[in-house]
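A.B. asks: Quick one: this structure, given as structure tokens, is what I'll be asking you about.
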Amino acid sequence: MTGTKHKNIQVPFADMFNTQVPKNASWSFDNEKRGFRVIAHQDIAKNEQIFDTYGNKCNSRYFINYGFINANNERFNEYPMSLNLTKSDP
């Protein structure tokens, strides 16, 4: 796959990881095995969650790009808002 461009795709099971900063695992395509692999960055105990990260984004971007919102996203949350003002507005 040398020379191919990076693409965003869905990967069964890896797409179910919750997002957290910092993440405790990451996944990538393994050319030699011709498949995806998940690598833990630390020991992950049985029944503990595996976290990847979608980065620090506002909920509008999480929702549009990934189909979820982060309920604890006060620090990075924002909402785009447009105002139409005329010159006669005080």
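Note that numbering that gives the first Met the number 0 has the sequence shown beginning at 0, numbered continuously upward.
Virtual Cβ for every residue (Gly too), placed ideally from N, Cα, C.
All values derive from a computational prediction rather than experimental measurement.
Say whether the segment 37-45 touches the segment 71-84, bearing in mind that this needs 3 or more beta-carbon pairs closer than 8 Å, one atom from each stretch.
C.D. replies: At 8 Å Cβ cutoff, the stretches do not touch.
A.B. asks: Does residue 63 come out as helix, strand or coil in the three-state DSSP assignment?
C.D. replies: In the structure shown, residue 63 sits in a helix (DSSP, three-state: H, G or I).
A.B. asks: Quick check: residue 26 and residue 39, are their CB atoms within less than 7 Å of each other?
C.D. replies: No, Cβ-Cβ distance for residue 26 and residue 39 is not below 7 Å.
A.B. asks: Under a three-way DSSP split, which group does residue 58 fall into?
C.D. replies: DSSP places residue 58 in helix when its eight states are reduced to three.
A.B. asks: Under 7 Å, do residue 86 and residue 52 count as touching if we go by C-beta distance?
C.D. replies: No; because the gap between Cβ atoms is not below 7 Å, this pair is not in contact.
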